[in-house]
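First comes the structure, then the notes that go with it.
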Amino acid sequence: MYLTFLLLLFVIGFAPFIFDNSFAQITSGGFGNSPFEREFGDVKFLDAYFGIISEKFEVDSGNKNIPFTVVMANVGTQDITGIRGQLSLPFGFSSSDGPGSLIYADADTNSVAGQNFHLTFFVDVGNDIRIQQYPGTVKVDYSRLRESGVRTTFEDFNFKVTGQSVINLRALDPFLTSLQKNHIIIEISNDGTAPISSVDVKLKNTQSERASTTQSITNIENVVVLSTDWEIGGIDPKSKKFIELDVYVPESLKGETLRAPIEITYFNAHGDKQTILRIADFFVKGLIDLSIYNVNVIELSGKQMVIGEIINEGNEDGLFGFVTIDPRGDSNIKSNTQFIDEIEVDAPVPFNLPIEFDGETRYGEHDITITVRYKDSIRDEIFLTYDATIFVKEPLNENEDDLDPIMIIIPIILATGAGIYIMRRRKKATIEAS
Numbered sequence: 061m062y063l064t065f066l067l068l069l070f071v072i073g074f075a076p077f078i079f080d081n082s083f084a085q086i087t088s089g090g091f092g093n094s095p096f097e098r099e100f101g102d103v104k105f106l107d108a109y110f111g112i113i114s115e116k117f118e119v120d121s122g123n124k125n126i127p128f129t130v131v132m133a134n135v136g137t138q139d140i141t142g143i144r145g146q147l148s149l150p151f152g153f154s155s156s157d158g159p160g161s162l163i164y165a166d167a168d169t170n171s172v173a174g175q176n177f178h179l180t181f182f183v184d185v186g187n188d189i190r191i192q193q194y195p196g197t198v199k200v201d202y203s204r205l206r207e208s209g210v211r212t213t214f215e216d217f218n219f220k221v222t223g224q225s226v227i228n229l230r231a232l233d234p235f236l237t238s239l240q241k242n243h244i245i246i247e248i249s250n251d252g253t254a255p256i257s258s259v260d261v262k263l264k265n266t267q268s269e270r271a272s273t274t275q276s277i278t279n280i281e282n283v284v285v286l287s288t289d290w291e292i293g294g295i296d297p298k299s300k301k302f303i304e305l306d307v308y309v310p311e312s313l314k315g316e317t318l319r320a321p322i323e324i325t326y327f328n329a330h331g332d333k334q335t336i337l338r339i340a341d342f343f344v345k346g347l348i349d350l351s352i353y354n355v356n357v358i359e360l361s362g363k364q365m366v367i368g369e370i371i372n373e374g375n376e377d378g379l380f381g382f383v384t385i386d387p388r389g390d391s392n393i394k395s396n397t398q399f400i401d402e403i404e405v406d407a408p409v410p411f412n413l414p415i416e417f418d419g420e421t422r423y424g425e426h427d428i429t430i431t432v433r434y435k436d437s438i439r440d441e442i443f444l445t446y447d448a449t450i451f452v453k454e455p456l457n458e459n460e461d462d463l464d465p466i467m468i469i470i471p472i473i474l475a476t477g478a479g480i481y482i483m484r485r486r487k488k489a490t491i492e493a494s
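Per the numbering used here, the very first residue in the sequence shown carries number 61; after that it's consecutive.
Dropping the structure here:
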């Protein structure tokens, strides 16, 4: 009985060593293996990103000497000083001081209790780094005020290599024509490697910015624009979106460059709202408005010719003008061209082209196409076509044409005189016989 009692006491005393981890008991230095570690310290990690304290940067592989900021909070009850950080990043990231160098940064000032502080490191991003999330570790050394010795904190974190968004803007056709409505298509492209979202585009219509010469940097306020704001959503890397608008340009802007300031607002890969300003430039051409009229056929020096006139109702001369007639349908009229030089504004320009045939001459109606070819002020070649029906007359008989009218009149006169003479002779002979 006595031995049984001793054995029972031994088992009860030894049991805590066997089942130590089976109870929710507090061990020295923390809370054991609880899934929520509760460690108290003076410094707490908040954020880590490429950029400076006031702005996050988009970063791509191959970028050099890029600031990397770690933001932390002094959650202790005392101010801390002598803050120095050392950064540990995965393979492919290195110090901007050169390969093998440690990545260090010092805080500029002391950190007041309850306030945030930051450390800015400078990092080179390797050419083989992909756009994704990476792990990192920062070591922070600091001292409490009125306390000797150095305290050290290690913090693990994740950060992103976002890629870079590169926003470009261009007009598909950079030329506008005065005195008429122009349909404009503007391409907005993301030529970078990072996506952008919630893109809003707005045409600015102010003169708020002035150059040193006190002249406006834009004259968009002088045109009539039918729409000025577009929401185009997201733009993926290496892709583009388009906006369309109609603009009426007055005659006063002929020969000038129209500068259209366009504001683009979007969210970058960090989720930060960004606003940039781009300028779309357009050259305003004059208007060349041609019409062909009074098309007819006349005979000149024994040759039948197609004639007509061209009128320019625009505000700019057409240059290096040519007029060409071509057969249409079953017509066998030969193609022919005439150089008419400048086609001036409000001044009819006549043309005349001789009619020649390919093969046998065919008289009567012929369907033809009249083409006016000319160049505008930027030397673009323009074509105006006009379909017409002409009538080619059959000439008179050649033998009849060769008879001299005098040669016809003289025999008539002689015949008439002879007739009168004979009638008088017969009348005289009758009187004498009586």
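From the three backbone atoms N, C-alpha and C, an ideal C-beta is built for every residue, glycine too.
Go to residue i, then tell me how far its beta strand (DSSP E) extends in each direction, as first and last residue.
{"i": "Glu-247", "result": "240-250"}
{"i": "Ile-303", "result": "299-309"}
{"i": "Ile-430", "result": "424-435"}
{"i": "Gln-334", "result": "333-345"}
{"i": "Ile-49", "result": "The requested residue 49 is not part of the displayed model; the chain covers only 61 to 494."}
{"i": "Glu-281", "result": "From DSSP, Glu-281 is part of no beta strand (DSSP E); its letter is neither H nor E."}
{"i": "Pro-255", "result": "Unbroken run through Pro-255: none, as it is neither H nor E."}
{"i": "Ile-322", "result": "317-327"}
{"i": "Val-452", "result": "441-452"}
{"i": "Ala-108", "result": "103-112"}
{"i": "Val-185", "result": "176-185"}
{"i": "Ser-156", "result": "Neither: Ser-156 is in no beta strand (DSSP E) and is coded neither H nor E."}
{"i": "Asn-354", "result": "350-360"}
{"i": "Ala-165", "result": "163-166"}
Closer than 6 Å by C-beta to residue i: which residues in its own chain qualify, once you throw out the five before and the five after it? Chain order, please.
{"i": "Lys-264", "result": "Pro-321 and Glu-323"}
{"i": "Gly-122", "result": "Asn-187"}
{"i": "Leu-236", "result": "Asn-242, Val-309, Phe-342 and Val-344"}
{"i": "Arg-433", "result": "Phe-382 and Phe-443"}
{"i": "Glu-454", "result": "Tyr-423"}
{"i": "Lys-363", "result": "Pro-414"}
{"i": "Phe-181", "result": "Phe-128, Leu-147, Ile-163 and Ala-165"}
{"i": "Ile-371", "result": "Ser-351 and Pro-408"}
{"i": "His-330", "result": "Lys-116"}
{"i": "Asn-218", "result": "Gln-193 and Pro-195"}
{"i": "Gly-389", "result": "Asp-427"}
Can you give the beta carbon distance from residue i to residue j, rounded, assuming they're within the 8 Å contact cut?
{"i": "Asn-176", "j": "Val-131", "result": "6 Å"}
{"i": "Val-366", "j": "Ile-415", "result": "6 Å"}
{"i": "Ile-248", "j": "Lys-301", "result": "5 Å"}
{"i": "Val-553", "j": "Phe-153", "result": "No information on residue 553 is available, as it lies outside the stretch 61 to 494 that the chain covers here."}
{"i": "Tyr-109", "j": "Thr-129", "result": "6 Å"}
{"i": "Ser-239", "j": "Leu-347", "result": "One point to set straight first is that residue 239 is Leu, not Ser, in the sequence displayed. Right, the Cβ-Cβ distance comes to about 4 Å (below 8 Å), so this counts as a contact."}
{"i": "Asn-279", "j": "Arg-319", "result": "6 Å"}
What do you reckon, are the CB atoms on residue i and residue j nearer than 8 Å?
{"i": "Val-357", "j": "Ile-450", "result": "yes"}
{"i": "Val-394", "j": "Phe-411", "result": "Correcting the residue type first, residue 394 is Lys in the shown sequence and not Val. It is not a contact, given that the beta carbons lie outside the stated cut-off."}
{"i": "Asp-401", "j": "Gly-381", "result": "yes"}
{"i": "Pro-234", "j": "Asp-216", "result": "no"}
{"i": "Ile-163", "j": "Gln-146", "result": "yes"}
{"i": "Ile-246", "j": "Gly-223", "result": "no"}
{"i": "Lys-116", "j": "Ser-156", "result": "no"}
{"i": "Ala-252", "j": "Ser-225", "result": "According to the sequence as given, residue 252 is Gly; it is not Ala. Yes, the pair counts as a contact, with Cβ atoms nearer than the cut-off."}
{"i": "Glu-369", "j": "Pro-408", "result": "yes"}
{"i": "Glu-281", "j": "Ile-244", "result": "no"}
{"i": "Ser-161", "j": "Thr-197", "result": "no"}
{"i": "Ala-340", "j": "Leu-229", "result": "yes"}
{"i": "Ser-258", "j": "Tyr-326", "result": "yes"}
Quick one: residues in its chain with C-beta nearer than 7 Å to the C-beta of residue i, no 5 flanking neighbours on either side, listed in chain order?
{"i": "Gly-173", "result": "What sits at residue 173 in the sequence shown is Ala, not Gly. Counting only Cβ-Cβ distances below 7 Å, and skipping sequence neighbours, we find Asn-134, Gly-136, Thr-137, Gln-138 and Asp-139."}
{"i": "Asn-93", "result": "Caution applies to Asn-93, whose pLDDT of 49 falls short of 50 and renders its modelled position unreliable; the model cannot decide the point."}
{"i": "Glu-291", "result": "Asp-260"}
{"i": "Gly-111", "result": "Phe-117, Pro-127 and Thr-129"}
{"i": "Ala-448", "result": "Val-355, Ile-428 and Ile-430"}
{"i": "Ile-336", "result": "Ile-227 and Ile-324"}
{"i": "Ser-391", "result": "His-426, Asp-427 and Ile-428"}
{"i": "Leu-286", "result": "Leu-305 and Asp-306"}
{"i": "Glu-404", "result": "Asn-372 and Asp-377"}
{"i": "Leu-106", "result": "Val-131, Met-132, Ala-133 and Asn-176"}
{"i": "Phe-214", "result": "Thr-197 and Lys-199"}
Can you name, in chain order, every residue of its own chain whose Cβ lies under 8 Å from the Cβ of residue i, other than the five neighbours on each side?
{"i": "Ser-272", "result": "A caution first: Ser-272 carries a pLDDT of 39, below 50, which makes its placement in the model unreliable, though a value can still be read off. Answer for Ser-272: no residue qualifies."}
{"i": "Asp-296", "result": "Asn-250 and Pro-255"}
{"i": "His-178", "result": "Ile-113, Thr-129, Val-130, Val-131, Met-132 and Ala-167"}
{"i": "Lys-435", "result": "Gly-378, Leu-379, Phe-380, Glu-441 and Ile-442"}
{"i": "Gly-294", "result": "Pro-255, Ile-256, Ser-257, Ser-258 and Val-259"}
{"i": "Thr-274", "result": "Because the pLDDT at Thr-274 is just 44, under 50, the model does not fix this residue reliably, and the value given afterwards should be weighed accordingly. Contacts found: none."}
{"i": "Arg-206", "result": "Gln-138"}
### Message
So within the segment 114-147, which uninterrupted alpha helix (DSSP H) runs reach at least 4 residues, ignoring any that extend past its ends?
### Response
Counting only runs of 4 or more, we get nothing.
### Uninterrupted beta strand (DSSP E) stretches inside the segment 370-419 (no shorter than 3 residues)
DSSP assignment within the segment 370-419 yields the following whole beta strand (DSSP E) runs of 3 residues or more, N-terminal first: 378-388, 396-403 and 409-414.
### Query
Quick one: complete beta strand (DSSP E) runs, 3+ long, within the segment 199-244?
Counting whole runs of 3 or more residues, the segment 199-244 contains the beta strand (DSSP E) stretches 211-220, 227-231 and 235-237.
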